[in-house]
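Chemist: Chains as they are written, first to last, in my numbering: chain A, 343 to 832; chain B, 343 to 832. Ideal placement from N, C-alpha and C gives every residue a C-beta, glycine not left out.
1. Which stretch, first to last residue, makes up the alpha helix (DSSP H) that contains residue 607 of chain B?
2. Apart from the five residues just before and just after residue 808 of chain A, which ones in its own chain have a Cβ nearer than 7 Å to its Cβ?
3. Note down, in chain order, every chain A residue with its Cβ under 8 Å from the Cβ of residue 737 of chain B.
4. Could you tell me whether the Cβ of residue 580 of chain B comes closer than 8 Å to any Cβ of chain A?
5. Buried or exposed for residue 582 of chain B, please, with buried defined as at least 16 other CB atoms from any protein chain shown within 10 angstroms of its CB.
6. Does any CB atom of chain B fall closer than 8 Å to the CB of residue 730 of chain A?
7. Could you spell out the range, first to last residue, of the beta strand (DSSP E) harbouring residue 364 of chain A?
8. Compute the distance between the beta-carbons of residue 575 of chain A and residue 371 of chain A, then report whether it is under 8 Å.
9. Can you give me the start and stop residues for the beta strand (DSSP E) that residue 409 of chain B sits inside?
10. Restricting to Cα atoms, I'd like to know which of B:790, B:468, B:680 and B:814 is closest to residue 544 of chain B.
11. Residue 748 of chain B and residue 689 of chain B: beta carbons closer than 8 Å?
12. Give a yes or no on whether the minimum CB-CB distance between residue 762 of chain A and chain B is below 8 Å.
13. Give me whichever residues DSSP pairs with residue 624 of chain B in a beta bridge.
14. So, under 8 Å CB-CB, residue 533 of chain A and residue 390 of chain A are touching, yes? Tell me the CB distance rounded to an integer number of Å.
15. Give me the chain B residues within the contact set of residue 785 of chain A, using Cβ-Cβ distance strictly less than 9 Å, ordered along the chain.
16. Using the C-alpha atoms, what's the distance from residue 425 of chain A back to residue 738 of chain A?
17. Of the residues A:732, A:407, A:706 and A:815, which one's Cα is nearest the Cα of residue 484 of chain A?
18. Please report the straight-line C-alpha distance between residue 643 of chain B and residue 730 of chain A, rounded to a whole angstrom.
19. DSSP three-state call for residue 711 of chain A: helix, strand or coil?
20. Can you tell me whether DSSP reads residue 653 of chain A as helix, strand or coil?
21. Which residues in chain A have a C-beta closer than 7 Å to the C-beta of residue 718 of chain B? List them in chain order.
22. Since residue 645 of chain B meets chain A, which of its residues come closer than 7 Å, beta carbon to beta carbon?
23. Let me see if you follow: with CB-CB separation under 8 Å, is residue 620 of chain A close to chain B or not?
24. Quick check on DSSP: helix, strand or coil for residue 803 of chain A?
25. If you compare alpha carbons, which of B:464, B:514 and B:721 is closest to residue 480 of chain B?
26. Do residue 687 of chain A and residue 630 of chain A have their C-beta atoms closer together than 8 Å?
27. Spell out whether any CB of chain B is found under 8 Å from the CB atom of residue 440 of chain A.
28. With residue 381 of chain B and residue 388 of chain B assumed to form a contact (beta carbons below 8 Å), what rounded beta-carbon distance in angstroms separates them?
29. Relative to the C-alpha of residue 607 of chain A, which residue among B:601, B:607, B:616 and B:599 is closest?
30. For residue 590 of chain B, which residues in chain A fall below 8 Å Cβ to Cβ?
31. Assuming residue 333 of chain B and residue 489 of chain B are in contact, meaning their beta carbons sit under 8 Å apart, how far apart are those beta carbons, in whole angstroms?
32. Between which two residues does the alpha helix (DSSP H) holding residue 418 of chain A run?
33. With respect to the beta strand (DSSP E) encompassing residue 646 of chain A, which residues constitute its N-terminal and C-terminal limits?
34. Alpha carbons only, please: which of B:605, B:458, B:473 and B:475 is nearest the one belonging to residue 467 of chain B?
35. Can the beta-carbon of residue 477 of chain B be found less than 8 Å from the beta-carbon of residue 503 of chain B?
36. For the segment 661-684 of chain A, enumerate the residues whose C-beta is nearer than 9 Å to any C-beta of chain B, in chain order.
Following this line, the structure appears as structure tokens:
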């Protein structure tokens, strides 16, 4: 499974540590940056390790949405009231059932302050709303809906848009990491790149006191006087680990910076850490939300399975876990034309046809499958209703010839919006069990002394559902808390 | 999470062991019985521990199907040729993708000999075939199809029925455990009941040398000179563990003897063991296969999602993981009447109606949902085709008024076929990572010395799919191998 052991090394076996700090943060994505910044702000001296040659992590590849609410200045400027309670209720519904209620509560209550922390470090958010379903606004708008007003979530909590998108020309993750990187540099936190953590070092009582890393082919040891924070990311790049724990994700293209090998999780497990919800994952698919919401999303039997106005990540999740990614967006010419060029992400139909029967045959669906679905959709749409899935009336209109379809497994074709070569791309959401302060728990549910974690190395808030913005959001928020805790102040 | 620690105890802390044996087998279900029998047959002296007041485990509650093939005498008597290769290919398809190929190969090649072992210990199989989809034959027939001839499995391997059902008046699991229990008694293997294993005992090198159990409120220690075999079952009874690892199963009624608390898995994990595929599970639902196959299985949108002639466990799995168990069997009067009384399991329709529109409204489906599906089904069935899901022509016929529907979440009402109070009932399939000889692997993929496991405490052969008969089958087969290995002969 691993080329070298992931088991902890006994402290007695380390004659002399090469480096020493109060807090050693492992992995320089958004969670690592946040942990390092707040550990240092808490008075600890910190060193930040990164396996690759530069920081950024998967965060730098992301759209740059951060899920924030409770009445942020951006929400207020766009005319939305919000409360921590509504945010909490929405997250429990959207990330659950069985979301981590304690973390969701902490995150929702801490959100306003966390917004200020981000802005204080220089993270830019524009005070304008993108008002249509999207993965990321194709403009520089700073606020977006994450399905809060869609069925069934509108009934769970008073809807307010909470997707805060870091201002950027395209994907915002790179801007977030640039800003946090500047903050790390300004704070004078040493960053050791090309340094991959291999094993933890534990003392006779099981306390984590350091780690062994690999740099330029040789072992380098770090002593952590107060604590280690693992922010090493998920395990999407480790095919064996994916097959072992998240088989539905196996064999699919991966969304990561290439460093999500799961070793941070495994080396903590080998030191006694428990994990949670390891089968969880998310998928980005070639689905233009502006097209999907004006048309239908169907499976290989031509059957709809979701209201197309939810956050598109939920469509991706249903497509992956329930429909084997054999999913198409079906729309008509009018719907396609209504989507502004900027919002099309370069996606053009993979199939076009004058009749639904022809389209169905061209895709290879059973005779009558799509015809039946479109007829039913149209019959109800005529009167502005969607009794099947409750898409909002705003988006309902009978579909008329000519028709088109987009296969969600095929790649997008607008490289300016990030690397989208792969069509469907997955990442993992399961990981280490941690407290709200990032303490890593063992199989008794007891914190392992000296060991903390945040970001995708942990299982964080999600259970069955996932909403974008919670990765950068919980990575930075719980990263900060882990940094403070590792510094010994909690 | 646990009332008392699951962490291993250092051997140095145990002054004197209360009991001692070459091999200590923990858990007296089918895997434990098989492990104990073959460990002893290999020359080891053995003690068998059981947490409850009597052996049996979940095996005793089961239908009594054992998946066996490669040309058993029962298959031959019923006129079927079979080969280990075909069995292997079927299992790879039905338990996968990503089934444990090494275990499937070993199991398929060992199947003929394993049949002889079972029969040699007195397990009865009648040489007659039940030739219609079923959970368990309602007669005493000894051979049944497990979907081998259904789409898409018929294309994966030459079909032969491989469900070998222990002869019984009703469910066969109790007979299997009675016979194995007699064998254990005859072999003179001591059984310590009311003895729940709590923690492993490890020496300074990490070798497992014993365990601490709890009996009548006090600790009892066991030394294992050669090895410990954990056959402690799954974790379906542990709500916290289910929520942590298999959230889709959370909150549902459980199929177990009440002893599947997962402690065996957790105490091995705390001693460094790795796990696999912990989110996997299976569900038994109130679905009479004879009715389903003559009608349609639909979700809450009235949409079919599977060919109804597969093994019903696969319908249950799709219903649970993809359709939230909001699933109905829809059939007409003729179909219902065609199902012999003995095959009805006491199930009567929960809804009846003269028209599909009425049935649809009564169930609460969207207007047009079921009407559309039945019309499509009938249109194709008229010409003996099912282009949507490829159900065999034998079962295709247009459905005609009057109509009926059965809600799969409601309980069956024939207690003579086992305890069926709960409607849908789940169990877990994930567990410890083991080799084909039952050695428990650590996070480096290296066997933990002295520790073996089999049955539902392990993740065994399954990945995404599950077929009944592989629980009793792999439990007994890999239980035997673990017993032999623990005895030191492999």
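Modeler: Straight from the coordinates:
1. Taking the first residue of the second chain as position 1, residue 607 of chain B is located at position 265. Unbroken alpha helix (DSSP H) run through residue 607 of chain B: 605-612.
2. In the first chain, the residue the question calls residue 808 of chain A occupies position 466. Around residue 808 of chain A: 437, 624, 655, 659 and 771.
3. For the purposes of this step, residue 737 of chain B is taken as residue 395 along the second chain, with counting starting at 1. Neighbours of residue 737 of chain B on chain A: none; closest Cβ ~17 Å, over 8 Å.
4. Along the second chain, read from residue 1 onward, the residue named residue 580 of chain B stands at position 238. Residue 580 of chain B does not count as touching chain A.
5. Taking the first residue of the second chain as position 1, residue 582 of chain B is located at position 240. Per the 10 Å Cβ criterion, exposed.
6. For the purposes of this step, residue 730 of chain A is taken as the residue at position 388 of the first chain. By this cut-off, residue 730 of chain A is an interface position.
7. On the first chain, residue 364 of chain A is found 22 positions in, with the first residue counted as 1. Membership of residue 364 of chain A in the beta strand (DSSP E) is indicated by the continuous run 361-368.
8. By 1-based counting over the first chain, the position of residue 575 of chain A is 233. By 1-based counting over the first chain, the position of residue 371 of chain A is 29. A Cβ-Cβ contact shorter than 8 Å links residue 575 of chain A with residue 371 of chain A.
9. Residue 409 of chain B sits at position 67 when you count from the first residue of the second chain. Per DSSP, residue 409 of chain B belongs to the beta strand (DSSP E) from 407-409.
10. Position 202 of the second chain holds residue 544 of chain B. Cα-wise, what sits closest to residue 544 of chain B is B:790.
11. The residue labelled residue 748 of chain B in the question sits at position 406 within the second chain. The residue labelled residue 689 of chain B in the question sits at position 347 within the second chain. Yes, the pair counts as a contact, with Cβ atoms nearer than the cut-off.
12. Here residue 762 of chain A refers to the residue found at position 420 when the first chain is read from its first residue. Caution is warranted here: a pLDDT of 47 is assigned to residue 762 of chain A, below 50, making its placement in the model unreliable, and no coordinate value can be reported.
13. Residue numbering aside, residue 624 of chain B sits at position 282 when the second chain is read from its first letter. Looking at the DSSP assignment, residue 624 of chain B forms a beta bridge with B:769.
14. The residue labelled residue 533 of chain A in the question sits at position 191 within the first chain. The residue labelled residue 390 of chain A in the question sits at position 48 within the first chain. Yes, they are in contact, since the Cβ atoms of residue 533 of chain A and residue 390 of chain A sit about 5 Å apart, within 8 Å.
15. Position 443 of the first chain, counted from the start, is the residue given in the question as residue 785 of chain A. Simply 343, 344, 347, 348, 349, 608, 609, 611 and 612.
16. As a position in the first chain, residue 738 of chain A is number 396, starting the count at 1. As a position in the first chain, residue 425 of chain A is number 83, starting the count at 1. For residue 738 of chain A and residue 425 of chain A, the distance between alpha carbons rounds to 30 Å.
17. Here residue 484 of chain A refers to the residue found at position 142 when the first chain is read from its first residue. The option with the nearest alpha carbon to residue 484 of chain A is A:407.
18. Counting from one through the second chain, the residue named residue 643 of chain B turns up at place 301. Counting from one through the first chain, the residue named residue 730 of chain A turns up at place 388. Computed Cα separation, rounded: 7 Å.
19. For the purposes of this step, residue 711 of chain A is identified with residue 369 of the first chain, where counting begins at 1. Of the three classes helix, strand and coil, the one that applies to residue 711 of chain A here is helix, per DSSP.
20. Counting from one through the first chain, the residue named residue 653 of chain A turns up at place 311. In the structure shown, residue 653 of chain A sits in coil (DSSP, three-state: anything other than H, G, I, E or B).
21. Sequence index remark: in the second chain, residue 718 of chain B carries index 376 (1-based). What residue 718 of chain B touches in chain A: 710 and 714.
22. Taking the first residue of the second chain as 1, we reach residue 645 of chain B at position 303. Those within 7 Å of residue 645 of chain B in chain A are 645.
23. Here residue 620 of chain A refers to the residue found at position 278 of the first chain. Closer than 8 Å to some Cβ of chain B, the Cβ of residue 620 of chain A qualifies, so yes.
24. Translated into positions along the first chain, residue 803 of chain A becomes position 461. Coil.
25. Taking the second chain and counting its residues from 1, one reaches residue 480 of chain B at position 138. With distances taken between Cα atoms, residue 480 of chain B lies closest to B:514.
26. Sequence index remark: in the first chain, residue 687 of chain A carries index 345 (1-based). Sequence index remark: in the first chain, residue 630 of chain A carries index 288 (1-based). Closer than 8 Å, so yes.
27. Residue numbering aside, residue 440 of chain A sits at position 98 when the first chain is read from its first letter. So yes, residue 440 of chain A belongs to the interface.
28. Position 39 of the second chain holds residue 381 of chain B. Position 46 of the second chain holds residue 388 of chain B. About 5 Å separates the two Cβ atoms, so the contact holds.
29. Working through the first chain from its first residue, we reach residue 607 of chain A at position 265. Answer by Cα proximity: B:616.
30. Counting from one through the second chain, the residue named residue 590 of chain B turns up at place 248. Neighbours of residue 590 of chain B on chain A, chain order: 806.
31. Absent from the model: residue 333 of chain B. The displayed extent of chain B is 343 to 832, so no value can be given.
32. The sequence position of residue 418 of chain A within the first chain is 76, counting from 1. Residue 418 of chain A -> alpha helix (DSSP H) spans 415-419.
33. If you number the first chain from 1, residue 646 of chain A lands on position 304. Counting along the chain, residue 646 of chain A falls outside any beta strand (DSSP E), and DSSP gives it neither H nor E.
34. For the purposes of this step, residue 467 of chain B is taken as the residue at position 125 of the second chain. Looking at the Cα atoms, B:458 is the closest of the given residues.
35. Taking the second chain and counting its residues from 1, one reaches residue 477 of chain B at position 135. Taking the second chain and counting its residues from 1, one reaches residue 503 of chain B at position 161. Annotated as distal: residue 477 of chain B and residue 503 of chain B, with beta-carbon spacing of 8 Å or more.
36. 663, 664 and 665
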